[in-house]
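So the mapping is simple: the numbering used here equals the position in the sequence shown, first residue as 1, plus 15. C-beta: ideal position from N, C-alpha, C; glycine also. Since the structure comes first, as structure tokens, the remarks are kept for the end.
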Amino acid sequence: MKSNCVGCLLLFLAAALIPFTALAKERVLVLTDMSNEPDDEESMVRFLVYANEYDVEGLVATTSTWLRERPREDLIRRQLDAYGLVRDNLVKHAGGYPTMEQLLAVAATGQPTYGMAGVGEGKSSAGSRRLLAAADKPDARPLWISIWGGANTLAQALHDARRERSPEELHKLIAKLKVYTISDQDDAGRWLRLEFPDLFYIVSPSTTGHQEYHRATWTGISGDRHYRNGPMVDFELVDNPWLEANIIRNHGPLGALYPRLAYIMEGDTPSFLGLIDNGLGWAASPAYGGWGGRYVRYQSYAETHPIWTDSSDNRDTLMVDGKAHTSSQATIWRWRRHYQ
């Protein structure tokens, strides 16, 4: 018995000497309609502060229902310039931050017009080509497409890929992509889901009037007051006084580019927040729940196949002031004190 214990101890010590290998970062490419409202610019500040947590494959300016022409790559570059001024301070706290030059190299502009009118033969853009270049890298990791506005730049990329590649090559490309879009902000999202049924797609579908936003899971980031869909748990952490004291004022040139909220704080942030390796495992499956919310895969009447979306099965129930609150938004706001 004694010798067996000694053997176990030796095995334990040997295992302890094996170098720890960190989990691979997720790869992510952002499509943003920055400039139409403050929350895109807010989300970009957070995205850059966490830029050491994932491999940034692209920052692409796009249109949306709220910005139907003239994508603003210049605003992306303005934030990257500010990031360059604070990077030395960021690396004092954690390693792995890309250089400003590395991020500038993957900034681009997508489709210059709105929706599927901007997709078709001869309409490829620097943004759609950047997306395909990132997807074609010899890298086994998936490429997350974080869509903050319209989806037509992704639609153009897959339109070109289908025209230029064999069915087998297209299938391999689709299998590498994981899309999380902040509802439907043009008609390209619906087209993508119809034309590419195997595409991994997280969405709270919406119509042109966007009356459904209040039901969308992603609004749990801070939408309690604006959408009247939450119990305001720790809401002071996502309201202007806290943001001004902890981000905007006296927090360097990048914080200075964080606008005061007008509707909700960082409405686009859920599309990448779950990619941060915080131990919740959200990137492995949106069904697990985490900072990006909880989603289930099912087929509604409006869809031709199952997608990752909201349903009665993706809701969490939490007790607040002695009352039970059940909602899909709760799958995000329950973590508010942690992500802030």
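Beta strand (DSSP E) segment containing residue i, residue limits
i: Trp323; result: Ile322 to Thr324
i: His186; result: That residue, His186, is in no beta strand (DSSP E); its alpha helix (DSSP H) goes Pro182 to Lys191.
i: Glu358; result: Nothing can be reported for residue 358, as the shown portion of the chain is limited to 16 through 355.
i: His340; result: Lys338 to Ser342
i: Thr47; result: Glu41 to Thr47
i: Ala123; result: Ala122 to Thr124
i: Arg312; result: Val311 to Tyr313
DSSP three-state assignment for residue i, whether helix, strand or coil
i: Trp297; result: helix
i: Trp159; result: strand
i: Val101; result: helix
i: Met247; result: coil
i: Ala271; result: coil
i: Val134; result: coil
i: Arg264; result: coil
i: Phe62; result: helix
i: Gly73; result: strand
i: Ser219; result: coil
i: Thr346; result: helix
i: Thr234; result: helix
i: Leu214; result: coil
Residue i beta carbon near the ligand MG (any heavy atom closer than 7 Å)
i: Arg208; result: The ligand MG is not part of this structure, which contains no ligands at all.
Continuous alpha helix (DSSP H) stretch holding residue i: start and end
i: Glu281; result: Neither: Glu281 is in no alpha helix (DSSP H) and is coded neither H nor E.
i: Ser143; result: Ala141 to Ala150
i: Glu52; result: Where Glu52 is concerned, there is no enclosing alpha helix (DSSP H), given that its DSSP letter is neither H nor E.
i: Asp331; result: Not the alpha helix (DSSP H): Asp331 falls in the beta strand (DSSP E), residues Asp331 to Val335.
i: Tyr354; result: Arg351 to Tyr354
i: Ala203; result: Ala203 to Glu210
i: Asn255; result: Asn255 to Leu258
i: Arg178; result: Asn167 to Glu179
i: Glu116; result: Met115 to Leu119
Member of the options whose CA lies at the smallest distance from the CA of residue i
i: Ser343; options: Glu88, Gln314 and Tyr310; result: Tyr310
i: Asn308; options: Glu184, Ile197 and Gly111; result: Contrary to the premise, residue 308 reads as Gly rather than Asn in this sequence. The candidate whose alpha carbon is nearest that of Gly308 is Ile197.
i: Leu118; options: Pro127, Ala97 and His340; result: Ala97
i: Asp201; options: Trp233, Pro182, Tyr195 and Gly165; result: Gly165
i: Leu95; options: His108, Ala120, Glu259 and Thr77; result: Ala120
i: Ala132; options: Leu146, Asp175, Arg330 and Ala203; result: Ala203
i: Gly110; options: Ala66, Phe287 and Pro153; result: Ala66
Residue i vs residue j beta-carbon contact at 8 Å
i: Gly305; j: Gly289; result: yes
i: Ser140; j: Thr168; result: yes
i: Ala123; j: Gly142; result: yes
i: Asp48; j: Trp81; result: yes
i: Ser50; j: Leu100; result: no
i: Glu68; j: Asp292; result: yes
i: Glu52; j: Ala277; result: yes
i: Asp156; j: Arg240; result: First, the residue type needs correcting, since residue 156 is Arg and not Asp in the sequence shown. No, the Cβ-Cβ distance between Arg156 and Arg240 is not below 8 Å.
i: Leu158; j: Ala149; result: yes
i: Gly174; j: Val134; result: A small fix is needed here, since residue 174 is His in this sequence, not Gly. Yes. Within cutoff.
i: Arg351; j: Leu252; result: yes
i: Thr234; j: Tyr242; result: yes
i: Asp199; j: Pro220; result: yes
i: Leu258; j: Met280; result: yes
i: Ala176; j: Leu209; result: no
i: Glu84; j: Pro127; result: yes
Rounded distance between the beta-carbons of residue j and residue i, thought under 8 Å
i: Pro285; j: Glu56; result: That pair is no contact at about 16 Å.
i: Trp323; j: Ile217; result: 4 Å
i: Tyr313; j: Pro321; result: 5 Å
i: Thr341; j: Asn329; result: Between Asn329 and Thr341 the Cβ distance is about 11 Å, and since that is not below 8 Å, they are no contact.
i: Val75; j: Val45; result: 7 Å
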